[in-house]
Amino acid sequence: MVGVGAYVSAVFGWFVGGGMITAMLSPGVRVLPSDILITAVFWVLAIGGSVVLWMLWRSGRDLVRAAAWWLRAPYVLGHRPRVAAGWVQARTVNTEPPVLARITTATFVFLFGIAGVAWLFRDPTAGLGLVIGVLGLLSLACGVGQMGGVIRLVSGLSEADPLWVRLRSAMRRS
10 MVGVGAYVSA VFGWFVGGGM ITAMLSPGVR VLPSDILITA VFWVLAIGGS
60 VVLWMLWRSG RDLVRAAAWW LRAPYVLGHR PRVAAGWVQA RTVNTEPPVL
110 ARITTATFVF LFGIAGVAWL FRDPTAGLGL VIGVLGLLSL ACGVGQMGGV
160 IRLVSGLSEA DPLWVRLRSA MRRS
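If you want it as structure tokens, here you go:
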């Protein structure tokens with residue numbers, strides 16, 4: 010939930026803060042002190058949300074790397090045999106609610122990111138084109154980070170699959 014809150018905070022802050030700056034830079038617009046205050050508040054919200062996302066990415070990367078190592082360890086060290094049921098376990102983990110929620114949110118965020126980047130290339134001179142492009146890049150980074158964690162977790166579980174281990178071993182370079 011912290012990640013969702015940080016993402017919403019960052020997106021809302023970047024969108025409103027960037028929109029306010031775009032509006033204030035328009036010719037013939039009279040800028041009031043309240044406009045500057047509102048813009049500053051939303052920029053703080055945007056930067057704060059982005060920093061929290063960065064910290065979650067760093068800590069999540071370390072935690073998922075450790076979890077994948079622990080999932081892989083019994084098979085690599087020979088304490089547990091690889092069985093055919095490992096194939097099923099490595100594939101069905103994606104339907105467990107916490108993992109499925111991450112896959113779903115990563116997919117939506119990634120689609121939002123693609124739309125934002127496409128908007129940037131479609132009309133970069135439009136008022137909010139740059140702001141939406143930045144939101145697209147932020148969303149792409151969040152989607153890639155979330156899916157990377159899920160993929161690393163599943164790769165730790167795939168160590169129980171004897172077929173996958175044989176294929177991976179055959180494809181490694183000597």
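Just so we're aligned: the sequence shown equals residues 10 to 183 in my numbering. Cβ atoms here follow ideal geometry from the backbone N, Cα and C, with glycine treated the same way. From a predicted model like this one, the values you see are computed outputs, not experimental measurements.
For D170, the number of other beta carbons within 10 angstroms of its own is at least 16, and it is reported as buried. Just measuring C-alpha positions, the residue of G136, T48, R70 and T116 sitting nearest P36 is G136. In the structure shown, M29 adopts helical secondary structure according to DSSP, grouped into three states.
By the Cβ neighbour-count rule, W23 is buried, with 16 or more other Cβ atoms within 10 Å of its own. Beyond the five residues adjoining it in sequence on each side, Y84 comes within less than 7 Å, by CB distance, of R91, E168 and A169 in the same chain, given in chain order. When DSSP assignments are scanned along the segment 43 to 69, no uninterrupted stretch of alpha helix (DSSP H) that is 4 or more residues long falls wholly within it. V153 is positioned such that its CB atom lies no closer than 8 Å to that of V108.
A direct Cα-Cα distance of roughly 10 Å separates A124 from S148. The residue among L80, A94, S178 and A110 with its C-alpha nearest the C-alpha of L166 is L80. Collapsing the DSSP output to three states places E168 in a helix.
Between the segment 11 to 31 and the segment 47 to 58, the count of C-beta pairs closer than 8 Å reaches three or more; the two stretches touch. Contact between G138 and L129 holds, since their C-beta atoms are separated by about 6 Å, short of 8 Å. Per DSSP, reduced to three states, the secondary structure at M156 is helical. By the beta-carbon neighbour count (other beta carbons within 10 angstroms, threshold 16), V38 is exposed.
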